[in-house]
Amino acid sequence: MRPTSLPTAPTSKWMATVVLFMCDLVSWIRERYGVKYLLFSLYLLSAVAAIDRNCDYLSAFALIWFMGLSLRLLDDLASLAIDRRDHPQRTLCRSNYIPGLIASYFALVVAVSMMLPAQAMVSWVVLNMMLGVCYRIRSPHRIWLILLKYPWLVCIGAGSVRLSVIGSMIFAVFINEILHDAIWLGHDATRGAHVLRHALFLAEGVYFWTSRAT
Numbered sequence: 002m003r004p005t006s007l008p009t010a011p012t013s014k015w016m017a018t019v020v021l022f023m024c025d026l027v028s029w030i031r032e033r034y035g036v037k038y039l040l041f042s043l044y045l046l047s048a049v050a051a052i053d054r055n056c057d058y059l060s061a062f063a064l065i066w067f068m069g070l071s072l073r074l075l076d077d078l079a080s081l082a083i084d085r086r087d088h089p090q091r092t093l094c095r096s097n098y099i100p101g102l103i104a105s106y107f108a109l110v111v112a113v114s115m116m117l118p119a120q121a122m123v124s125w126v127v128l129n130m131m132l133g134v135c136y137r138i139r140s141p142h143r144i145w146l147i148l149l150k151y152p153w154l155v156c157i158g159a160g161s162v163r164l165s166v167i168g169s170m171i172f173a174v175f176i177n178e179i180l181h182d183a184i185w186l187g188h189d190a191t192r193g194a195h196v197l198r199h200a201l202f203l204a205e206g207v208y209f210w211t212s213r214a215t
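Residue numbers for the sequence shown follow our numbering, beginning at 2 and rising by one.
Structure (structure tokens):
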């Protein structure tokens, strides 16, 4: 007897959609969360280590990296309308799978929550809710609220606060954001801005490790 063939067209279409979505996701990570954010994760790890002397470096790095990844995705999704006008070449602006990327953001938030103790998990959820509100504020001054995510990440990762470290984090990251977008320097100074930004990373990292050793 001739075997009954199973329908494969819907499955093949679904698999093709998944593959294309994953290609978009990987392309976005490479484009928007590449080597410079790997260095930035190490920089945040140094701040955590300066606070918590018993830090599990590998776990803390993984935690900070995934936190940063989810917040980067949230930031890009929140500015998608503007980026489609100003940066149409970006992966997210050309993607046909925005709902899937939104779902990926929420999946990352849940995954990070499962890596955290109860108190830190609440702080992480509150941070994401706060950022969701901040991104809806139509004011250039909202950057002051959004910048709080960086010292907040350090607090979540370390579980305690040292004011000198947090103060340095706020200052350094504020400078980083300004240089990254070349807001006050003009487009012709962008290359120098990137060099100075990484110099700030190095200087702050040395400060954190020195303070940890003393």
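Note that beta-carbon positions come from the ideal geometry of N, C-alpha and C, so glycine has one too.
- Rounded to whole angstroms, the separation of the alpha carbons of residue 38 and residue 60 is 17 Å.
- When rounded, the separation of the alpha-carbon atoms in residue 109 and residue 90 is 25 Å.
- C-alpha of residue 80 to C-alpha of residue 14: approximately 30 Å in a straight line.
- The three-state secondary structure of residue 129, taken from DSSP, is helix.
- If you draw a straight line from the Cα of residue 94 to the Cα of residue 88, it is about 7 Å long.
- Exclusion of the five residues before and after residue 147 leaves 135 as the residues of its chain whose Cβ lies within less than 6 Å of its Cβ.
- One alpha carbon belongs to residue 111, the other to residue 86, and they sit about 31 Å apart.
- Around the Cβ of residue 138, a 10 Å sphere holds fewer than 16 other Cβ atoms; the residue is exposed.
- Distance between residue 30 and residue 22, taken at the CA atoms: about 12 Å.
- Of all alpha-carbon atoms in 17, 19 and 92, the one lying nearest the alpha-carbon of residue 34 is that of 92.
- Annotation: residue 116 is outside any alpha helix (DSSP H) and is labelled neither H nor E by DSSP.
- Residue 46 is a Cβ neighbour of residue 58, given a cutoff of 8 Å.
- Annotated three-state conformation of residue 69 is helix, per DSSP.
- Between residue 16 and residue 55, the alpha-carbon positions lie close to 44 Å from each other.
- About 27 Å separates the beta carbons of residue 64 and residue 19, which is beyond the 8 Å limit, so they are not a contact pair.
- DSSP, reduced to helix, strand and coil, places residue 152 within a helical segment of the structure shown.
- Residue 128 sits close to residue 150, with the two beta carbons spaced by under 8 Å.
- DSSP places residue 84 in the uninterrupted alpha helix (DSSP H) bounded by 81 to 87.
- When DSSP states are grouped into helix, strand and coil, residue 106 belongs to the helix group.
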